[in-house]
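What follows is a single structure, written as structure tokens, with notes after it.
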Amino acid sequence: MLKEIPLKQIQISDDFWSFYINTIKEKTIPYQYSVLDNSPYVNIENENKKDYFEKDKSNALENFRVAAGISDGGHYGMIFQDSDVYKWLEAVAYSLQVNPDRKLQAVADEVVNLISAAQTDDGYINTYFQVKEPRLKYRMLYSGHELYCMGHLLEALVAYYETTQNTAALNIAQKVVNHIDSVFGYEENKIHGSDGHPEIELGLIKFYELTKDEKALKLAEFFLDIRGKNTEFYKEEMARNEKDGLPIKMIKVPHLETYLVAHKQPKDMTEAVGHAVRMLYLAASMARIVHHNSDSEMYVACKAIWDNIVHKKMYITGGVGSTTDGEAFTGDYDLPNDIMYCETCASIALAYFAYDMFKIQPDTEYIDVIERTLYNGILSGASLDGIHFFYVNPLEVHGNINDSNPDHGHVKRVRPQWYSCACCPPNFARTIGSVQRYIYTIDEENKTVYLNLFAKSRLKYGDIDIIQDTDFPGSNSIHYTVSSNSPYILKIRIPYWCSNVKITVDGETFDNVKNNCYFEIGKEWNNSRIAITFDTHVMAVKANSKVIADANRLAVQYGPFVYCAEQIDNEHPLSRYRVSNDDIRSAVIAVENCDIGTVPFIKIDTTVESSEENSLYTYNPQIEYTTAKLKMLPYYTWANRGSDDMMVWLHQK
Ligand code: FUB
Ligand code: ZN
């Protein structure tokens, strides 16, 4: 079975990811803590422009103080506000693992103590229900998020314990697991339901992996089995609350079970439906549990969901979720570029799902998707300053439309400082802050190391030592120096986007190495040298013709980076450029200094369509094309220079 290598065994020293890891440590983590602790200097955005969201402050830490009886006052914020703190704590755990910092650890220890103080003796913890609605505890699994929050808590505590050996963290987690076990299960006196928002499953599996407490694994299996068994479960809960005169508190969505991804049992699922983050946290836990129970039915379902997403429902950026209505998946090939959702959390969850699929069956297709999400749809979730965040990641914005059409209300053109529903910012921090985990994966049984991503780094694990020396993405040459006491197989991923690959292993040269697969070398490694060189070209990308939104359009990709055009760099309105395959393929890369640092721009010699500026419609037009230059930048860097129009899919000549 393939295994994730502990982060501290992978030292990253490249310019690209180190920039993010340092920014997260130096700026994002302290900033997010200050927001969670009600920094008065932060503007909180009402995503979706819905008035009923609270937006004056986060109050997330204060909610714990109130629940612990340390502060007076009520609960403030979303029903799942606690999870913002938990994701932040997880981000801290990863940061401390690679960059120990006593001051930061002391702050995080205090947060652990606060959580412990808020946890009740029976192990329950959720500040919303403790402070505001005790009557509704576990009576509204449809939207209560109690187990969702506890799932994030378990993930955070497992990570924090692994990094710091903080026993208080482990105790809280054990109490949570014991508590859930006393309330949920097949027994008659227990609740036969799962949380409307999957997440607890992942937390339980990770707790099991750390402690080998079988109870946690059984509970995860229970939640994955009970989901969708009774498709009326959530409606029955609501009816019971109504009958008992309790508030119902449900977001109004047309197909509740589908939105909650509880329309059938996970093992019977064949496609991605419903709320995208729910779907993908569920899928990630389905794949992860297969590692432990080898459930073949579950694996078949995972594969079907995977194929459906990757071949029919995923944006070129690795974004998912085509509609704001329920933040959800829609039908196959429905990939609108401007009203989509593409929530940062959904791309993150897709990367998690992909990695667990990879660990079951190590094919490059999974790393391709991880890479696609990381370099594009997830990175775009934060500004380069590390303190502004996108929730929704569009592939096209036009200012006048965005500002005037309420259907685009959820699409922001600049990253806000925070959100009333702030799930994405700390999710970004924990995911990109632990990006090293994707670079190498180990299969100890078969003595194989997978080298998945190019990044200057060093892996030291057991008796294997791999130094990867490269300036990638700034260069196309990679050198590995490998030593181990026993023979190992190395599998080096040769991505689909490179060509003319040459590999030399201790002086022996392999020309024309195939791309889009792993290059495998098994031998004794004694300070051995591997050198790889390859070519990358600017690529034009065409979508399947069933993607109506991309008909007669081309996108531009260079290496793993999807590019976009921003108005600020271009003379004519973006919608008037007409590019051809050849224009794109003969484009040049130019590294330039600009307000956002050193950015590799792509410059395309192309054409613009003549315009009839004054008339709305022109009859029998005489369309003329003139030559023009189009400048594009990596998608993840867009909206770092103010608010502007942006397009990923360009109109074709
Ligand atoms: O419901 C909790 C989180 O809030 C979801 O995962 C996000 O999509 C956002 O709705
Ligand atoms: Zn989110």
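Take any residue in the sequence shown, note its place counting from 1, add 67, and you have its number in this note's numbering.
Even glycine gets a Cβ: it sits at the ideal position worked out from N, Cα and C.
The model shown is predicted, which means the values in this text are computed figures rather than measured ones.
DSSP places ILE247 in the helix class (H, G or I) of the three-state scheme.
The beta carbon of TYR98 sits closer than 6 Å to those of ILE454, all from its chain and outside the five residues before and after it, given in chain order.
With fewer than three CB-CB distances shorter than 8 Å, the segment 419–434 does not count as touching the segment 448–466.
A straight-line Cα-Cα distance of about 16 Å links TYR87 and TRP155. The beta carbons of LYS696 and ARG645 sit about 13 Å from each other, so the pair does not count as a contact at 8 Å. Residue state for MET407 is assigned as coil, using DSSP reduced to three classes. With a cut-off of 8 Å, the C-beta of THR603 is classified as distant from the ligand ZN, since no heavy atom of the ligand falls inside that distance.
Here VAL102 really is in contact with SER125; their C-beta atoms are around 5 Å apart, less than 8 Å. Between VAL244 and LEU271 the beta-carbon gap is near 7 Å, inside 8 Å, which marks them as a contact. Relative to the non-hydrogen atoms of the ligand FUB, the Cβ of GLU410 comes within a distance shorter than 8 Å of at least one. The C-alpha of ALA160 is placed about 14 Å away from the C-alpha of ALA235. Between the alpha carbons of THR95 and ASP430 lies a gap of roughly 33 Å. For ASN494, the CB falls within less than 8 Å of some heavy atom of the ligand ZN. Within the model, the alpha-carbon separation for VAL198 versus TYR191 is close to 13 Å. Here DSSP, grouped into helix, strand and coil, assigns TRP564 to coil. Sequence-distant Cβ neighbours of GLN172 in its own chain, meaning closer than 6 Å and more than five residues away, are LEU163. Contact between the segment 478–490 and the segment 395–404 is absent, with fewer than three C-beta pairs closer than 8 Å. In this chain, the alpha helix (DSSP H) harbouring GLU438 covers 431–439. In the DSSP assignment, ALA351 falls within the unbroken alpha helix (DSSP H) covering 343–360. At the C-beta level, ILE531 and TYR555 come within 9 Å of one another.
With a cut-off of 8 Å, the C-beta of HIS342 is classified as near the ligand FUB, since at least one heavy atom of the ligand falls inside that distance.
Around the beta carbon of VAL675, a 10 Å sphere encloses 16 or more other beta carbons of the protein chains shown; the residue is thus reported as buried.
Residue burial annotation: ARG620 is buried, with at least 16 other C-beta atoms found within 10 angstroms of its C-beta. Between the alpha carbons of ASP649 and THR603 lies a distance of about 16 Å. Counting every other CB atom within 10 Å of its CB across the protein chains shown gives GLU659 a total below 16, marking it as exposed. With a cut-off of 8 Å on Cβ pairs, the segment 283–295 is not in contact with the segment 368–378, counting fewer than three such pairs. Judged by DSSP in its simplified three-state form, TRP592 adopts coil rather than helix or strand. Taken in chain order, the whole beta strand (DSSP E) runs of length 3 or more contained in the segment 585–666 are 595–603, 605–608, 620–625, 628–633 and 655–661.
Take the alpha-carbon of ASN543 and the one of LEU347: they are about 33 Å apart.
Judged by the Cβ position, CYS491 qualifies as a neighbour of the ligand ZN at the 8 Å threshold, a heavy atom of the ligand being closer than this. Distance from the CA of ALA489 to the CA of ASN110, rounded to the nearest whole angstrom, comes to 12 Å. GLU691 sits exposed, since fewer than 16 C-beta atoms from the chains shown fall within 10 Å of its C-beta.
The beta-carbon separation of TYR702 and VAL629, rounded to 5 Å, stays under the 8 Å limit for a contact. Assignment of beta-bridge partners to VAL516 by DSSP yields ILE509 and LEU557. The segment 508–522 makes contact with the segment 552–566; the number of CB pairs closer than 8 Å reaches 3 or more.
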